[in-house]
Every structure is written in structure tokens, then in C-alpha cells.
Amino acid sequence: MSRALLLREQAISFVKEEFTKSLQKELNIIPVSGPLVVLDGTGINDDLNSIERPVKFPIKSLNDKNAVVVHSLAKWKRIRLKELEIERGEGIITDMRALRPDEDYSPIHSIYVDQWDWEKVIATEDRKLDYLQETVKSIYKVIQETEQKVEEKYPEIKAVLPEEITFISSEDLLQKYPTYSPKERENAICKEFGAVFIYGIGGELTNGEFHDARAADYDDWSTENSDGFKGLNGDILVWNPVLESAFELSSMGIRVDKTALLRQLEIRSLSDRKNLLFHTMLLEDQLTESIGGGIGQSRMTMFMLKLKHIGQVQPSIWDKEIKDQLKLESIELL
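Under my numbering, read the sequence shown as residues 5 to 338, first letter to last.
Next up, the structure:
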């Protein structure tokens, strides 16, 4: 390993340690162990956009029952909150490691995914936009403070984030840029404000399209909130000056209750899923109300260190053409 790579590894560790410590304190969440695999057919694995294939394999000791490598721990965490008897205002966080073989390669995507997966118990009265936005502000505070710490330790890496994060619904964003694609809208709003939370992602917009797809059974993207728009979930995005584009750091939201689950399963024509283990537990009041999300570890580190490619902060598998091109650009992968 070259000296430069060793120094980069140290910087990566610094970012992750500082962010983790601050996030746990700010959200009042405690670290727990998380699984790499779960049993297939339980509804516990995250379906993401409902089209991605999980890595699947039979387990000899369980009579060849299939296990799947997790996509994320969105639903597993909610079960864990109940098992650990976590109380309102408290939560958990775990280092999630996932494989997503259908991911398209890009400077910000690989088949290996690492994120801080967190989940927090809330009450029914917390199921509102104001609570979601206050939680986003708390997370953004940690992001901003971490960037300042990075600049203090590495003065050549300049902090760029604004003092406050801007909130906008996906519908308002459409009306602001009616001729743009969703990604073009994200680029435009992030370039203007620097840090944005786009809420209400997953439901159909007035143009008959979706800002982005979301699975039916974890985030609540269909409940009408206080400003008349639908959705108690969203994404934290920032403007990345190195890539000159919007840069997603986190997807999060208030989770579905029984009403939202049944409504969203029907919207997605997936009502048969209500008989799966996770869905049955929720419908039978065995699970607590919660808010949660995932914060990309490689994404966060890449942004904090102002690097051009996700392969600079995580080991993964790349094809020869990509590696050769990056070498021409003097980008050394881990």
C-alpha cells in the first residue's frame, strides 16, 4: 500500500468515527449489531425499488432454506426496536453492509453498500412533517459539524455546506422546474441552496410521474401532511463541488403505520405481501411506531474528503475499463 493510500485510510477512519460519535449523541441512539443476511420469504429484507435482486443462497443446516444478503435493514431495525424494548425518543444504530448486484456502476455507485442504519421509536402524535423536519435538522447539524472538524484536521479540505438545510416537497420541486427531469431538478435545487431535504418521495406527482421509486412497506410516502402534500419521508442531498452535481447522503422517513402499509401495498398491487412475517407483525400491533433511515458511509466520507470516486473510500469490484480510465485520471482505488 502506498503512503498516500495509508493516509487516506486514516482520514476515512477519522470521518467515520467523528460522524458516528456525534450522530449517536444528537439522535439519542445506541449502537447494536446488525445482520449480513436474513431468511428469504419473511418480508424483512428491504425491497428498495421492488425490482433489485438480492444475493440468495441455501443454508445446509436449515434444510436448504434460502437466505438473502440484506439490501438494507429498514424493516429489520423496526423488529429490533421491539425486541430490545426501546422507549420513545430512543433508538438504535448499526453498521450495515450490503450487496446490490443490480447497481449500475458510476462514480457514486458500486455493488458494495455501507451505511449507518438507524431507527428511533416515536409516538403516534410524532407522525407529522414537523417532527420529520426537526430530525433532519439534527442529522444535518452532525453533517455540518463533521465537515468543520475535517477542515480543522485537514486545512486543505475546505468546508462548503451552508448553515441551514432547505426543505421542499417533491411536488413543489416539480412546479419550480416543470420541464426538468427528477435528477435535473435535484441538481438545480442543490446548486441554488447547497443542502436540501426533498420530502414526499415515492408517490405519484401531478405530472403522472414519480420523483423516485420507493418500496411500499417501510417509508410512509402516501399520508397527507400539514402542507397538503403527501409523504413523511425524503432524501438529504447536498451540492458536491467536486462532481458538480447533487449528491444524496441519506434516505429516511417516518415508517408506515397499519393504514399507510395497506394503502401503499394496494397502490403498488402488492396486497399479498401483507401475509409475510414483517407485515403481519405490523398489522397485528406487534411493532412500535418509528422513524429511521440510512446514511451512506462511503458517500459521506467521499463528500467530506472531497474525492471524485466512491472507489477511493471503499474496496469493491470494478471492471478493467473503469480502472484503466481512473488510472488515466490519477485516481487510485482502494
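The beta-carbon is built from N, C-alpha and C at its ideal position, and this holds for glycine as well.
Remember, it's a predicted structure, so these values are computed and weren't measured experimentally.
Around the CB of T263, fewer than 16 other CB atoms lie within 10 Å, so the residue is classed as exposed. When A250, S254, L241 and I258 are compared, the shortest CA-CA separation from K234 is found for I258. Remark: C-beta atoms of K312 and V242 do not approach each other more closely than 7 Å. Judged by DSSP in its simplified three-state form, W122 adopts strand. Where Y144 is concerned, the enclosing alpha helix (DSSP H) starts and stops at L133 to K157.
Collapsing the DSSP output to three states places I271 in a helix. By alpha-carbon distance to K157, the top candidate from S334, K324 and R12 is R12.
DSSP places L241 within a strand segment (E or B) once states are collapsed to three. A distance below 7 Å between beta-carbons, with the five flanking residues on each side excluded, links I161 to the following residues of its chain, in chain order: V154, E155, L309 and K310.
Residue state for A71 is assigned as strand, using DSSP reduced to three classes. Rounded to the nearest angstrom, the gap between the Cα atoms of F282 and E188 is 36 Å.
Between the alpha carbons of D99 and N279 lies a gap of roughly 29 Å. If only complete runs of 3 or more residues are kept, the segment 294-336 shows the beta strand (DSSP E) at 294-300, in order along the chain. Non-local C-beta neighbours of I169 in its own chain, meaning closer than 6 Å and more than five positions away in sequence, comprise Y144, A199 and F201, ordered along the chain.
A direct Cα-to-Cα measurement between S273 and N244 gives close to 37 Å. The DSSP-derived three-state label of T227 is coil. The residues V42, K79, W80 and F282, in chain order, have a CB closer than 6 Å to that of I48 in the same chain once the five nearest residues on each side in sequence are set aside.
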